[in-house]
Structure formats: structure tokens, C-alpha cells
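All the letters of the sequence shown, read from the start, carry residue numbers -1 to 91 under the numbering used here. Heads up, the beta-carbon is just placed ideally off N, CA and C, and yes, glycines get one too. Single-structure report; data block below.
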Amino acid sequence: MGRIKTLLIKRITRKLIELHAQDFSMDFNKNKQVVSKFTDITSPKLRNIIAGYATRLTKVRLSDKPQQRRMTKEEDFSKYYNTRPTMDRARSN
């Protein structure tokens, strides 16, 4: 499991990839330079987190394998649970 990224990291990274997708690659060190070039972030830690997340998103975007989709609230969960109603006789009296 990876670390959870804050909304700030996700927002900045997605905006950078949206504007400069052709400049990002699957190489972390190159992505660090790209982040430094297009932003005014002075913190090396923040720059590295953004570059790492950009690397991850780039790998996902370029991979041939489709993403595993999470279940949403609207989906039918009945195949996972016993849907037969149960009657509690002690309470029915």
C-alpha cells in the first residue's frame, strides 16, 4: 500500500499532466525536472511527492491493462450477501 496523497498534491499533479502531458514520462528523475520547470515549488519534498504521483499516473495512463474498478453505491450487492429474509420468532409475539 502506498501513502495517501492530499488533495493539494492531486490537484497540482492533475493540472500539470493536463497542461504538459507530453513532457511527463515513466522516469521519476525526469519528472522532478519537469515539475521544477513548470511550477514555482521551492520545497524539495513537495516537488518529489508531485513528481512521484505524476510518474504513477503516467504509468497507469500508458499501461495496456485496464484499471480495476471499485464498486459504487448504486451497484447490486445481493450476490455477496444472503438476501433471504430472516424472521425472529421471539419478537413476532
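Next on the checklist: Suppose contacts are defined by Cβ-Cβ distances below 8 Å. Is VAL33 in contact with ILE15 by that definition?
Outcome noted: no
Checklist entry - So, do the region 34 to 43 and the region 0 to 8 have three or more beta carbon pairs nearer to each other than 8 Å? => result no
Next on the checklist: Please return the same chain residues whose Cβ sits closer than 7 Å to the Cβ of SER23, not counting the five positions on each side in sequence.
Outcome noted: ASN29 and THR56
Checklist entry - Helix or strand or just coil, what does DSSP make of SER34? => result helix
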